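So in my numbering, the last one in the sequence shown is 870, and the numbering has no gaps at all. The next block holds one structure in the form of structure tokens; read it before the comments.
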Amino acid sequence: MGKNDTVTLNNGHGGNIHLLSRQASGQNPIIDFSANINPKGPPVWLRATISKELSGIIHYPDPDCYTFIEAIADFHQISKDSIIAANGTTELLYALPGALQCRRAVIPVPSYIDYQKVMELNGLEILQFPLSPKNNFQLDMNALAEVIQPDDIVIIGSPNNPTAGLVEPAAIARLAERFPHSWFLIDEAFLDFVPGRTSVAGISANIITLNSLTKFYAIPGLRLGFGSFPVSIAEKLRQVLPPWTVNSLAQAVGAKLFADTDYREKTLNYLRGVQTELFDTLSTFREITVFPSEVNYFLVRIETKSNVRILAKHLLQYHNIAIRDCSNYAGLSKKYFRIAVKTPEENAQLINGLEVFFGKSKKGRKGRPHRSSLMIQGTSSNAGKSVLVAALCRILIQDGVRVAPFKAQNMSLNSFVTYDGLEMGRAQVVQAQAARLDPDVRMNPVLLKPNSDIGSQIIVHGKPVGNMSVSQYVAYKKEAGSAACRSYDELASEFDAVILEGAGSPGEVNLKHHDIVNMQMAHYAQAPVLLVGDIDRGGVYASFVGTMEVLEEWERQLIAGFLVNRFRGDASLLESAHRYLLDHTGKPVLGTIPYIRELNIPEEDSVSFKEGKLQKVRPQGEYVEIALINLPHISNFTDIEPFLEEPDVFLNIVNSKDDLGEPLAIILPGSKNVMGDIEYLHSTGLAEEIKERAAKGCEIVGICGGYQILGKSVEDPHSVESDKETRQGLGLLDITTSLAAEKTLVRRSGKHILTGIEVHGYEIHHGISTGSVTPLLRFDDRSICGNRHSERPIWGAYLHGVFDSDLFRRWFIDNLRSKAGLSRVEQIVAPYNLEDAFDNLAKVVRSSIDMDRVYRLLGL
11 MGKNDTVTLN NGHGGNIHLL SRQASGQNPI IDFSANINPK GPPVWLRATI
61 SKELSGIIHY PDPDCYTFIE AIADFHQISK DSIIAANGTT ELLYALPGAL
111 QCRRAVIPVP SYIDYQKVME LNGLEILQFP LSPKNNFQLD MNALAEVIQP
161 DDIVIIGSPN NPTAGLVEPA AIARLAERFP HSWFLIDEAF LDFVPGRTSV
211 AGISANIITL NSLTKFYAIP GLRLGFGSFP VSIAEKLRQV LPPWTVNSLA
261 QAVGAKLFAD TDYREKTLNY LRGVQTELFD TLSTFREITV FPSEVNYFLV
311 RIETKSNVRI LAKHLLQYHN IAIRDCSNYA GLSKKYFRIA VKTPEENAQL
361 INGLEVFFGK SKKGRKGRPH RSSLMIQGTS SNAGKSVLVA ALCRILIQDG
411 VRVAPFKAQN MSLNSFVTYD GLEMGRAQVV QAQAARLDPD VRMNPVLLKP
461 NSDIGSQIIV HGKPVGNMSV SQYVAYKKEA GSAACRSYDE LASEFDAVIL
511 EGAGSPGEVN LKHHDIVNMQ MAHYAQAPVL LVGDIDRGGV YASFVGTMEV
561 LEEWERQLIA GFLVNRFRGD ASLLESAHRY LLDHTGKPVL GTIPYIRELN
611 IPEEDSVSFK EGKLQKVRPQ GEYVEIALIN LPHISNFTDI EPFLEEPDVF
661 LNIVNSKDDL GEPLAIILPG SKNVMGDIEY LHSTGLAEEI KERAAKGCEI
711 VGICGGYQIL GKSVEDPHSV ESDKETRQGL GLLDITTSLA AEKTLVRRSG
761 KHILTGIEVH GYEIHHGIST GSVTPLLRFD DRSICGNRHS ERPIWGAYLH
811 GVFDSDLFRR WFIDNLRSKA GLSRVEQIVA PYNLEDAFDN LAKVVRSSID
861 MDRVYRLLGL
């Protein structure tokens with residue numbers, strides 16, 4: 011605590027967060043219940059408006075506040091001449107007595123303490139009109155009328171601060187009409203929080219209103235308000251007020267506030283439920299009395315022997331919570347305090363603190379527990395999120411922490427089948443392997459597999475729920491988000507920690523309103539966020555700053571720091587950039603990860619593949635060349651990744667027939683849209699080129715969708731992929747395929763019939779292929795799969811992962827070596843073993859980032 015071991019604020023008001031932070035003992039930020047500010051934070055456009063107007067600060071602001079006042083006048087339908095804009099309404103309150111001819115101030119109490127202070131400073135006699143807790147401090151207007159005299163100024167807060175009492179506009183109008191020679195100052199600072207209530211500005215010549223914009227719009231640090239006065243009084247005030255009291259940034263913001271009806275409606279809808287829930291929960295405490303309120307704060311009275319000083323000290327010292335001590339309000343004792351309505355999470359922490367203080371629980375209300383979680387988000391796709399999640403999973407498991415990966419929604423054509431026959435994204439499979447776990451669909455509860463430019467197959471908890479257009483999926487997202495949250499809760503309850511991955515960038519402003527994978531998921535999981543950027547692409551620091559600029563305030567609060575990924579060179583050269591980033595955003599860089607040339611870990615999605623990052627240079631010495639056809643709808647390209655580490659293989663990724671070169675083998679990979687990819691092969695001439703190479707003895711291999719393409723035809727009677735029922739294949743295998751409505755999802759292990767070599771993998775396909783079959787594989791359940799040509803080296807199968815088998819892959823390569831006149835190697839040269847790769851990745855990342863800070867963020 012502070013020097014005097016007290017939480018009394020030196021200015022007698024709530025919201026002095028700076029003093030409170032100095033007095034609190036913990037390192038966590040203060041949760042400020044002492045100031046009645048909109049818990050939703052400022053409007054989303056606030057930062058952009060200030061940024062746009064910032065260059066204008068080289069000029070003096072408009073002393074007349076013309077645009078701002080015009081917006082006020084239009085909204086409230088009052089004369090512009092009656093309006094004075096101010097640096098908060100307190101400025102107008104202090105200036106007002108000098109412009110009025112008053113002898114006495116009549117002030118219902120308890121009320122805002124500066125009413126009396128200002129009037130005393132100006133030599134006015136004060137008459138306090140006490141409000142009684144017996145009727146919830148409601149103002150009796152008839153009783154008030156009995157004490158009013160000519161030349162009085164009657165000051166009414168509606169809503170009252172701190173009691174939240176309201177006075178009907180009609181009652182105010184009647185009182186003002188009854189006493190035409192008295193002034194009525196109506197403080198409407200919190201009126202915006204009351205649904206359906208309107209201002210009394212301009213309804214009578216002796217009514218003055220003060221309207222704060224800092225509370226409802228959550229901009230107390232910007233300071234903004236206005237007053238409505240009779241024109242003669244407004245003119246007197248303009249003569250005594252200093253010029254330029256409202257700065258240009260505040261004016262620009264103020265001019266936009268009244269047009270934002272969406273913000274007002276969302277705030278009121280949000281508060282309605284949160285406020286009721288807090289009131290109901292507080293009312294369960296027998297140790298306190300909570301007075302009813304229609305605004306965003308409650309007056310509370312302690313009914314035990316304790317007092318507010320002791321309670322406030324406890325909450326601040328042990329829970330980092332600040333409340334408003336109301337003992338300095340006229341008419342209130344040391345038993346009273348005021349609390350603001352904040353977010354459900356913050357309200358729960360207040361309840362927790364109260365339960366501990368009143369002895370109802372040593373640890374507080376159980377509720378939804380805090381989980382150890384951390385999220386990795388990126389400034390863009392392919393920034394390295396998936397790999398860093400895998401690295402952190404391996405680091406934590408090495409340190410004895412039971413950890414699970416999680417990505418609420420993944421869009422990828424690389425999928426995998428779990429042991430229980432469910433489909434999930436390959437990236438989370440890799441992350442599970444890094445955590446030494448079996449893949450679990452809860453790690454990726456929602457998977458989107460694009461099958462056109464405007465639509466995707468939607469897979470939830472491992473099973474397809476249908477094909478949807480973008481608009482259809484947006485409508486479905488609420489249900490998808492609920493599924494994701496259920497999966498997260500289950501994982502979080504079973505593991506010591508969860509490392510979450512975002513998708514794309516949280517700065518995609520067109521997607522944020524229906525987000526279920528980035529900031530909304532981080533908020534749900536109570537997960538701090540590390541934002542990663544790829545410096546190898548260039549512009550990483552601008553991307554960090556730009557992302558922060560488009561985030562809402564609650565989103566910015568979730569960002570704990572930055573990670574610079576894929577840096578080539580001396581990391582110390584980046585120190586000045588990191589200082590700039592800290593100065594500009596207030597967030598530190600927690601690590602610089604070097605460019606890892608040979609990750610040896612499957613890529614997160616098709617981005618790297620499509621960008622050509624898997625295209626290797628031709629090896630030196632003896633090698634065989636294999637061509638992979640880059641289909642437009644390629645899926646599960648990880649089937650060919652084991653070849654990338656073979657020193658005697660050059661894998662040529664082919665985009666057109668001119669790129670084909672002279673390969674010894676051509677692989678047709680999986681496809682998410684076989685019908686479309688068949689058409690692509692025919693239209694580009696690749697189909698004829700492949701058939702010509704097959705006739706010359708080139709080995710042709712098809713996996714899953716590629717296997718179907720090798721056949722005579724593919725039928726789609728259920729319009730799974732196309733509205734065209736039949737496409738002619740390449741005719742290299744004597745099979746036909748019909749796409750079934752139901753998808754086959756199954757893990758497989760067995761043997762390659764010709765060699766007896768063991769293979770394993772999984773099937774994901776709609777197709778059922780039949781014909782004159784020379785089977786390729788026999789599985790452990792005696793079923794068969796695939797087909798091989800009886801005379802030519804042409805074969806295919808549905809089994810993804812067939813080349814993961816080191817022995818089978820080497821046998822295939824050695825066959826090509828023999829065809830090229832090279833000697834067979836006949837031993838495993840490059841084991842496809844991810845364990846060493848994970849350990850190497852963890853070693854690099856551990857040495858490159860501040861793991862102590864990471865553990866603190868996880869609360870471990």
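Ideal placement from N, C-alpha and C gives every residue a C-beta, glycine not left out. Model, not experiment: these values are computed from the prediction.
Only residues of its own chain outside the window of five on either side were considered, and among them P598 have a CB closer than 6 Å to the CB of L592, listed in chain order. According to DSSP, H762 shares a beta bridge with L787.
R319: member of the alpha helix (DSSP H) spanning V318 to H329, first to last residue. Y772 is bridged by DSSP to R757 and H810. DSSP assignment within the region 182 to 217 yields the following whole beta strand (DSSP E) runs of 3 residues or more, N-terminal first: 193 to 197. Here R792 is exposed, its C-beta having fewer than 16 other C-beta atoms within 10 Å. In the DSSP assignment, T736 falls within the beta strand (DSSP E) that extends over T736 to Q738. In the structure shown, A537 falls within a coil segment according to DSSP collapsed to helix, strand and coil.
Judged by their CB atoms, F189 and T173 are not nearer to each other than the 8 Å cut-off.
W564 is classed as exposed because its beta carbon has fewer than 16 other beta carbons within 10 Å across all chains shown. Under the three-state reduction of DSSP, R274 is assigned to helix.
Membership of D84 in the alpha helix (DSSP H) is indicated by the continuous run Y76 to H86. If the five residues before and after C336 are omitted, its C-beta is found closer than 6 Å to the C-beta atoms of P172, L342, Y346, F347 and R348, all from its own chain and listed in chain order. For R628, the closest alpha carbon among the candidates A340, L325, F426 and P657 is that of P657.
Sequence-distant partners of T59 (beyond 5 residues in either direction) whose C-beta falls short of 7 Å from its own C-beta, in its chain, are A262, V263 and K266. Excluding residues up to 5 positions away in sequence, S383, A414, F416, L501 and A502 lie with their Cβ nearer than 6 Å to the Cβ of V508 in the same chain.
Around the Cβ of N797, a 10 Å sphere holds 16 or more other Cβ atoms; the residue is buried. Residue range E135 to P140 is occupied by the beta strand (DSSP E) that includes E135. In the three-state reduction of the DSSP assignment, L458 falls in the strand class. The region 280 to 368 is shown to contain whole beta strand (DSSP E) runs of 3 or more residues at 298 to 300, 307 to 312 and 346 to 350, in chain order.
According to the DSSP assignment, S479 belongs to the beta strand (DSSP E) that extends over K473 to S479. The beta carbons of L638 and P612 sit no closer together than 8 Å.
If you draw a 10 Å sphere on the C-beta of Q249, you find fewer than 16 other C-beta atoms in it, and that means exposed. Looking only at S192, M129 and A228, the smallest Cα-Cα distance to A215 is reached by S192. Residue S396 holds the alpha-carbon nearest to the alpha-carbon of V439 among L102, V480 and S396. Checking the DSSP bridge columns, you'll see L510 partnered with M385 and F416.
The continuous beta strand (DSSP E) containing I165 extends over residues D162 to G167. Along the region 652 to 694, the beta strand (DSSP E) occurs as fully enclosed runs of 3 or more residues at 659 to 664 and 675 to 678, listed in sequence order. DSSP lists D544 as the beta-bridge partner residues of N575. By the criterion of a C-beta distance shorter than 6 Å, T595 is surrounded in its chain by M558, once the five residues flanking it on both sides are discounted. Between the region 274 to 291 and the region 312 to 329 there are fewer than three inter-stretch CB-CB distances shorter than 8 Å, so the stretches are not counted as touching. For Q467, no alpha helix (DSSP H) encloses it; the enclosing beta strand (DSSP E) starts and ends at G465 to V470.
With contact defined as three or more Cβ pairs closer than 8 Å, the region 442 to 456 and the region 395 to 411 are in contact. By the criterion of a C-beta distance shorter than 8 Å, V116 is surrounded in its chain by L137, F139, L154, V157, I158, D162, I163, V164 and I165, once the five residues flanking it on both sides are discounted.
Here T602 carries a strand assignment [DSSP, helix/strand/coil]. Taking the Cβ atoms as the reference, I778 lies roughly 11 Å from A751, outside the contact range of under 8 Å.
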